[in-house]
Amino acid sequence: MPSNREHVLPSGAKLQITTATFDRALELFKAYSEEMGKLGLPETMSDIELDKNIFCVLIDSKRVEKCLAECIKSVTYNGLPVTTDTFKEPEAWGDYVPMLREVARDNLDPLRKHLSQSFPVAAEILRRFLE
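So, in structure tokens, the structure goes:
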């Protein structure tokens, strides 16, 4: 059963998140996993460098973007479905990345929570991006 959560974005807009179907969430999980595999994690990487790399790899991924777009179909922004017009006004632009993070968090957390037992480093990288 999908979960439902409200989140207030930086502008004060209310984001109502209903988790996507398992299939959509799983595709998003696979897309994130594929992109995180491209990070290459040297032992000397600083936290700032790691955070920058996670952000750049994931925000640039067309596959992640497509999967998130499917998950966003069950989300509302101030009571309205999220569309390309949602972020037309510059005042709303600051809500875009936080919205993506919240939608990703709600759809990936149920899959990520048990990842740490078998793959603690991968779980930590995913957790850092979702926070």
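In this note's numbering, the protein residues as written are 731 to 861.
Just so you know, even glycine gets a beta-carbon here, dropped at the ideal spot from N, CA and C.
Since we're looking at a predicted model, the values are computed, not measured.
Look up residue i in the DSSP assignment and say whether it is helix, strand or coil.
i: V833; result: helix
Can you list, in chain order, the residues of its chain with a C-beta nearer than 8 Å to that of residue i? Leave out the 5 residues immediately preceding and following it.
i: F817; result: W823, D825 and Y826
i: L841; result: A755, L756 and F759
So, does the CB of residue i fall closer than 8 Å to a CB anywhere in chain B?
i: L810; result: Although the question refers to chain B, the structure presented lacks it and comprises just one protein chain.
Can you give me the C-alpha to C-alpha distance between residue i and residue j, rounded to a whole angstrom?
i: R835; j: P820; result: 25 Å
i: V787; j: A755; result: 19 Å
i: F759; j: P740; result: 26 Å
i: N783; j: S733; result: 30 Å
i: E779; j: R793; result: 23 Å
i: M766; j: E757; result: 14 Å
i: K796; j: T814; result: 14 Å
i: E854; j: F785; result: 14 Å
i: D865; j: L769; result: Here the chain covers residues 731 to 861 and nothing more, so residue 865 does not appear.
i: K843; j: E800; result: 22 Å
So residue i packs on residue j, CB below 8 Å; how close in whole Å?
i: L810; j: L830; result: That belief does not hold up - the Cβ atoms of L810 and L830 are roughly 17 Å apart, past 8 Å.
i: A750; j: N837; result: 5 Å
Leaving out five residues before and five after residue i in sequence, what residues of the same chain have Cβ atoms less than 6 Å from its Cβ?
i: H737; result: L745 and E832
i: V812; result: I802 and V805
Ignore the nearest five residues each way along the sequence and tell me which others in residue i's own chain have a CB closer than 7 Å to its CB.
i: P828; result: L739 and P740
i: N808; result: A743 and K744
Could you tell me whether any non-hydrogen atom of the ligand ATP is closer than 7 Å to the CB of residue i?
i: L810; result: What this structure holds is no ligand at all, so the ligand ATP is not there to describe.
Runs of 3 residues minimum, wholly inside the stretch 732-808: which ones carry the beta strand (DSSP E) assignment?
734-738, 744-748 and 805-807
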